[in-house]
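Undergrad: Have a look at the structure that comes next, please.
Number of protein chains: 2
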Amino acid sequence: MARINEHYLKLKAGYLFPEIARRVKAFQEQNPKARLIRLGIGDVVLPLAPAVVRAMQEACEEMASEEGFHGYGPERGYEFLSSAIAKHDYASRGVEIKTSEIFISDGSKCDSGNIQELFALSSKVAVADPVYPVYVDTNVMAGRTGEILKSGHYEGIVYLSATQANHFKPSPPEEKVDVVYLCSPNNPTGSVLTKEELQTWVHWAKENDAVILYDAAYEAFIQDPNLPHSIYEIEGAKEVAIEFRSFSKTAGFTGTRCAFTVVPEEVLGKTQGGEKVSLNQLWNRRQSTKFNGVSYVIQKAAAACYSALGQEQIQANIKYYMENAGLIREGLASMGLEVFGGEHAPYIWAKTPKGLGSWDFFDELLNKYQVVGTPGAGFGPSGEGYFRLSAFGKKEKVMEAIERIKKG
Amino acid sequence: MARINEHYLKLKAGYLFPEIARRVKAFQEQNPKARLIRLGIGDVVLPLAPAVVRAMQEACEEMASEEGFHGYGPERGYEFLSSAIAKHDYASRGVEIKTSEIFISDGSKCDSGNIQELFALSSKVAVADPVYPVYVDTNVMAGRTGEILKSGHYEGIVYLSATQANHFKPSPPEEKVDVVYLCSPNNPTGSVLTKEELQTWVHWAKENDAVILYDAAYEAFIQDPNLPHSIYEIEGAKEVAIEFRSFSKTAGFTGTRCAFTVVPEEVLGKTQGGEKVSLNQLWNRRQSTKFNGVSYVIQKAAAACYSALGQEQIQANIKYYMENAGLIREGLASMGLEVFGGEHAPYIWAKTPKGLGSWDFFDELLNKYQVVGTPGAGFGPSGEGYFRLSAFGKKEKVMEAIERIKKG
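If you read the protein sequences in the order shown, they are chains A and B. Per the numbering used here, the very first residue in the first sequence carries number 507; after that it's consecutive. Per the numbering used here, the very first residue in the second sequence carries number 507; after that it's consecutive.
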């Protein structure tokens, strides 16, 4: 038998969502009539915007004719999409991004998972705790860590504790770090970085020769016009940051699959000998070797998100989810819980009552109210004592969940 | 600056297709009126089958309604597609494959590039020479090789020379190898493995504790009913082989993106300590961490390929391309060239005349007939002195190319 990549075996076996599924199943078997309300995972429920569906159907029509048929597309994605992104997502906020800096892909999970390939195995990686597990797991699989410790941390990763004390926004590390993952608006805590806070990070990255991997998958949920949607709104960020964006939550593309990653020409890495290397070129090489582009019809669908009609329809969906977030915040507060996030993010992060553990509170919500959430501890040790609810449900379900909780 | 993964810098800079593009551009600048006929790359030209387009449009319609909307799909892909694959591609040939062994993806390039992650970095890898470059490049990027040698081979990889003497089908290596990539029908040589030859490989893999990575992306072009379409038609193959399949060439999905990989439950790897590990579970972990599934509408489109109408329309397209292959074979033979492949594969592999080098013949075809092909040397040192033409063009173009060549 061939020898395997044993780093995979370091991954924690009892992963979050399977354990949730196990407990929910057990509850359902004992309570077959219970009507569960699921506010756990981050999947959307509203249908695709009509403008998006129409564009996708027209693209299907094109693919049916010899003249309109599209085979392999450009490796970075179609210009019609990347130029729309450059205009609407960046130029509109005073940021100049070239289409050659935009790489269309099938998901931010893939991109934020694959990006670590560009860096030396010896790179020191920092993540927040709690954290979106993909950042950590992909580094474990690559062999950039040791075993998991009793604390729940992997040996070799620098964890930046996101706590109530720092408003769930840790400061840059004191120790030497090469690569840091930031997520704002944050999954799972719903916190959001201000321009000043991001400026501190960019400054730190420059001072410390570090690269920031900036996950802005939830930027569309930002309500305050003064908050940055892109790290490139910060001066100097193009020299130190790679940004991930997605249509998944913005436009309900979780099952449609389109995203993009921006790798500015200015952001560099270096060899052991000190030679500077363009990360844009490395990522281009990575994508053109291990990826073959996003379906033409899906890129057409994504481009329709930027039409006037598309924007209007998509914004209506975001408003819908943010109203849910408000209802959830209010409902949890009425239980006497301390509530965070949910103001510029689709996630609400709540402190469990009576010092309950995350999983104990999960069980309480499930047993008492038949509401399924996500225990904070599932996102990292510092998530213990917290709980995440998602605003992506149907409004009537969210309201019913809140009613149940309020009735007590 | 963060340190980069320096293995990327080992990749050959002067890559095949950019060099072709450079020469074609130079020719066009000097001959602005020349009407080029491109038979170089493996991209299809016929539109998607009507049955496929219709299924895709219906799926778009579903995505527009609350009831029909699909968010994140099952991680391995939808059961409606994997069960169709299990039935039509495998059960129909007497092979039992479970849906839990099928992983739907967005491309065989991605899967055959990513699969090496499952194996130890110290694994010894063998490829044919000439070879589809992705197998080699992804191992280089992972750090499984040394530098490129003057021969054009990478240090540390075992190359199995595919020559006229062995009918472009090399035998298993004598030395110890852990992982071997086989491609049949072959890109670029168009050769195809018989059951007996595959049996030899399976037997070798069992005897030598090796894993076979079997790329069957072109199986739909096989004409002889006695030739195997899947390696699992060979007894014992499930214990040693992973198989890649694609809708790209079979159903014209190069720009639509859908493929799948079969990882049987029986195929195992081992740890340094000798513990057996399921490669199916490792791949599942890889895909569920770094991938997020194929678009629902695209999976619906792929499933339509298996309907009676879809099959009929797709087979008509394959027939069209195979007629092109016949024309190209005949045309090259009329030039006095020795011609291989193109009988069970969409690629024709020809020996260059008068001992010309691959690139010299490329220039001759371009300058004399305005026909663009692919120099064999671009696929590896043993491809020197050979030339690849693709059968994926429009018939009238193929015929015109042959006319030009015949006229001399």
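C-beta atoms are modelled at their ideal positions from N, C-alpha and C, and glycine is treated no differently. No experiment lies behind these values; they were computed from the predicted model shown.
Mapping DSSP to helix, strand and coil, what is Asp721 (chain B)?
TA: The sequence position of residue 721 (chain B) within the second sequence is 215, counting from 1. Here DSSP, grouped into helix, strand and coil, assigns Asp721 (chain B) to strand.
Undergrad: Assign Glu702 (chain B) to one of three DSSP states: helix, strand, or coil.
TA: On the second sequence, position 196 is the one that residue 702 (chain B) refers to. If DSSP states are grouped into helix, strand and coil, Glu702 (chain B) belongs with the helices.
Undergrad: Taking the continuous beta strand (DSSP E) assigned at Glu749 (chain A), which residues delimit it?
TA: Taking the first residue of the first sequence as 1, we reach residue 749 (chain A) at position 243. Glu749 (chain A) -> beta strand (DSSP E) spans 747-752.
Undergrad: Might you give, ordered along the chain, the residues of its own chain that have their beta carbon closer than 6 angstroms to the beta carbon of Leu862 (chain B), omitting 5 neighbours on each side?
TA: Position 356 of the second sequence holds residue 862 (chain B). So no residue of the chain qualifies.
Undergrad: Leaving aside the five residues before and after Val845 (chain A) along the sequence, list all residues of the same chain whose C-beta is less than 7 angstroms from its C-beta, in chain order.
TA: For the purposes of this step, residue 845 (chain A) is identified with residue 339 of the first sequence, where counting begins at 1. Around Val845 (chain A): Arg835, Leu838, Ala839, Ile854, Ala856.
Undergrad: Would you mind working out which of A:Ala723, A:His709, A:Ile748 sits nearest Gln622 (chain A), comparing C-alpha positions?
TA: The count along the first sequence starts at 1 and reaches residue 622 (chain A) at position 116. Out of A:Ala723, A:His709, A:Ile748, A:Ile748 has the C-alpha closest to the C-alpha of Gln622 (chain A).
Undergrad: Which residue comes first and which comes last in the beta strand (DSSP E) that contains Gly816 (chain A)?
TA: Counting from 1 along the first sequence, the entry for residue 816 (chain A) is found at position 310. Note, Gly816 (chain A): premise wrong, no beta strand (DSSP E); alpha helix (DSSP H) at 814-840.
Undergrad: Please list the terminal residues of the continuous beta strand (DSSP E) segment that includes Tyr665 (chain A).
TA: To locate residue 665 (chain A), count along the first sequence from 1; it is residue 159. First-last of the beta strand (DSSP E) with Tyr665 (chain A): 664-667.
Undergrad: If we define contact as Cβ-Cβ less than 8 angstroms, is Ala570 (chain A) a contact residue for chain B?
TA: Numbered from 1 along the first sequence, position 64 holds the residue referred to as residue 570 (chain A). It does: the Cβ of Ala570 (chain A) has a partner Cβ on chain B nearer than 8 angstroms.
Undergrad: Tell whether a beta-carbon distance below 8 angstroms holds between Ser667 (chain A) and Asp635 (chain A).
TA: In the first sequence, residue 667 (chain A) corresponds to position 161, counting from 1. In the first sequence, residue 635 (chain A) corresponds to position 129, counting from 1. The answer is yes: Cβ separation under 8 angstroms.
Undergrad: May I ask you to check if the CB of Thr858 (chain A) is nearer than 7 angstroms to at least one heavy atom of the ligand MN?
TA: Of ligands this structure carries none, so the ligand MN is not represented either.
Undergrad: By how many angstroms is the C-alpha of Ile908 (chain B) removed from the C-alpha of Ile728 (chain B)?
TA: Reading the second sequence from its first residue, position 222 is the one you call residue 728 (chain B). Reading the second sequence from its first residue, position 402 is the one you call residue 908 (chain B). Using only the alpha carbons, I get a separation of about 24 angstroms.
Undergrad: Taking Arg541 (chain B) as the reference, which of B:Glu906, B:Ser736, B:Asn823 has the closest Cα?
TA: For the purposes of this step, residue 541 (chain B) is taken as residue 35 along the second sequence, with counting starting at 1. Nearest option by C-alpha distance: B:Glu906.
Undergrad: Leaving aside the five residues before and after Arg599 (chain A) along the sequence, list all residues of the same chain whose C-beta is less than 7 angstroms from its C-beta, in chain order.
TA: As a first step, residue 599 (chain A) must be located in the first sequence, where it is residue number 93. Counting only Cβ-Cβ distances below 7 angstroms, and skipping sequence neighbours, we find His735, Ser736, Glu739.
Undergrad: Taking Cβ-Cβ distances below 7 angstroms as the criterion, which residues of the stretch 747-779 of chain A are in contact with chain B?
TA: Thr760, Gly761, Thr762, Arg763, Leu774, Gly775, Lys776, Thr777, Gln778
Undergrad: Do Phe898 (chain A) and Lys548 (chain A) have their beta-carbon atoms positioned less than 8 angstroms apart in this structure?
TA: As a position in the first sequence, residue 548 (chain A) is number 42, starting the count at 1. As a position in the first sequence, residue 898 (chain A) is number 392, starting the count at 1. Here residue 548 (chain A) turns out to be Gly, not Lys, going by the sequence shown. The answer is yes: Cβ separation under 8 angstroms.
Undergrad: Select from B:Lys682, B:Ser888, B:Leu895 the residue whose C-alpha is nearest the C-alpha of Thr669 (chain B).
TA: Taking the first residue of the second sequence as position 1, residue 669 (chain B) is located at position 163. When only C-alpha atoms are compared, the closest one is B:Ser888.
Undergrad: Helix, strand or coil: which one does DSSP assign to Asp635 (chain A)?
TA: Here residue 635 (chain A) refers to the residue found at position 129 when the first sequence is read from its first residue. Here Asp635 (chain A) sits in strand by DSSP.
Undergrad: Which whole-angstrom value is the C-beta distance of Met562 (chain B) and Ala807 (chain B), which I expect to be below 8 angstroms?
TA: Taking the second sequence and counting its residues from 1, the one referred to as residue 562 (chain B) is at position 56. Taking the second sequence and counting its residues from 1, the one referred to as residue 807 (chain B) is at position 301. At roughly 4 angstroms, the Cβ-Cβ gap stays under 8 angstroms, so Met562 (chain B) and Ala807 (chain B) are in contact.
Undergrad: Using a 10 Å radius around the Cβ and a threshold of 16 neighbouring Cβ atoms, would you call Phe931 (chain A) buried or exposed?
TA: Absent from the structure is residue 931 (chain A), since the part of chain A shown begins at 507 and ends at 914.
Undergrad: Considering only the beta carbon of each residue, do Pro770 (chain A) and Asn790 (chain A) sit closer than 8 angstroms?
TA: The residue you call residue 770 (chain A) lines up with position 264 of the first sequence. The residue you call residue 790 (chain A) lines up with position 284 of the first sequence. No, these two residues do not count as a Cβ contact at 8 angstroms.
Undergrad: Would you list, in chain order, the members of the stretch 786-814 of chain A that have their beta-carbon closer than 8 angstroms to a beta-carbon of chain B?
TA: Leu788, Arg791, Arg792, Thr795, Lys796, Phe797, Asn798, Gly799, Val800, Ser801, Tyr802, Val803, Ile804
Undergrad: What is the residue span of the beta strand (DSSP E) that Lys776 (chain A) lies within?
TA: Walking along the first sequence from the start, residue 776 (chain A) turns up at place 270. Counting along the chain, Lys776 (chain A) sits inside the beta strand (DSSP E) bounded by residues 774-776.
Undergrad: With a 10 Å radius around its C-beta and 16 neighbouring C-beta atoms as the bar for buried, classify Arg792 (chain B) as buried or exposed.
TA: Counted from its first residue, the second sequence places residue 792 (chain B) at position 286. Arg792 (chain B) should be labelled buried.
Undergrad: Counting only beta-carbon separations shorter than 8 angstroms, does His576 (chain A) have a partner in chain B?
TA: The residue labelled residue 576 (chain A) in the question sits at position 70 within the first sequence. Yes, its Cβ sits closer than 8 angstroms to a Cβ of chain B.
Undergrad: In the DSSP assignment, find the beta strand (DSSP E) that holds Cys566 (chain B) and state where it starts and stops.
TA: Along the second sequence, one-based indexing puts residue 566 (chain B) at 60. Judged by DSSP secondary structure, Cys566 (chain B) falls outside any beta strand (DSSP E) and instead within the alpha helix (DSSP H) spanning 556-569.
Undergrad: Cα separation between Val803 (chain B) and Glu568 (chain A)?
TA: Against the second sequence, residue 803 (chain B) aligns to sequence position 297. Against the first sequence, residue 568 (chain A) aligns to sequence position 62. When rounded, the distance between both Cα atoms is 16 angstroms.
Undergrad: So, for Asn620 (chain B): in the same chain, excluding its five sequence neighbours on each side, which residues have a beta-carbon less than 8 angstroms away from its beta-carbon?
TA: Locating residue 620 (chain B) in the second sequence gives position 114, where the first residue counts as 1. For Asn620 (chain B), where only same-chain residues beyond five positions count, the Cβ hits under 8 angstroms are Thr644, Arg792, Lys796.
Undergrad: Quick check on DSSP: helix, strand or coil for Leu895 (chain A)?
TA: Position 389 of the first sequence, counting from 1, holds the residue named residue 895 (chain A). Residue state, collapsed to three classes: strand.
Undergrad: With Val803 (chain B) as the anchor, note down where its alpha helix (DSSP H) starts and where it stops.
TA: Mapped onto the second sequence, residue 803 (chain B) falls at position 297. Unbroken alpha helix (DSSP H) run through Val803 (chain B): 802-810.
Undergrad: Quick one: does Glu818 (chain B) have its CB under 8 angstroms from some CB of chain A?
TA: On the second sequence, position 312 is the one that residue 818 (chain B) refers to. For Glu818 (chain B), the answer is no, since every Cβ of chain A falls outside 8 angstroms of its Cβ.
Undergrad: Closer than 8 angstroms by beta-carbon distance: list the chain A residues that pair up with Ala822 (chain B), in chain order.
TA: The sequence position of residue 822 (chain B) within the second sequence is 316, counting from 1. Result: empty, since nearest Cβ-Cβ is about 14 angstroms, beyond 8 angstroms.
Undergrad: What are the start and end residues of the alpha helix (DSSP H) that includes Cys616 (chain B)?
TA: Position 110 of the second sequence, counting from 1, holds the residue named residue 616 (chain B). 614-620 is the span of the alpha helix (DSSP H), which, as asked, contains Cys616 (chain B).
Undergrad: Applying a beta-carbon distance threshold of less than 8 angstroms, which residues of chain A neighbour Val708 (chain B)?
TA: Numbered from its first residue, the second sequence carries residue 708 (chain B) at position 202. The premise fails here: Val708 (chain B) is roughly 15 angstroms from chain A at the closest Cβ pair, so nothing lies under 8 angstroms.
Undergrad: So, does the CB of Ala722 (chain A) fall closer than 8 angstroms to a CB anywhere in chain B?
TA: Here residue 722 (chain A) refers to the residue found at position 216 when the first sequence is read from its first residue. No - not a single Cβ of chain B is within 8 angstroms of the one on Ala722 (chain A).
Undergrad: Tell whether a beta-carbon distance below 8 angstroms holds between Ile543 (chain B) and Thr880 (chain B).
TA: Counted from its first residue, the second sequence places residue 543 (chain B) at position 37. Counted from its first residue, the second sequence places residue 880 (chain B) at position 374. No, Cβ-Cβ distance for Ile543 (chain B) and Thr880 (chain B) is not below 8 angstroms.
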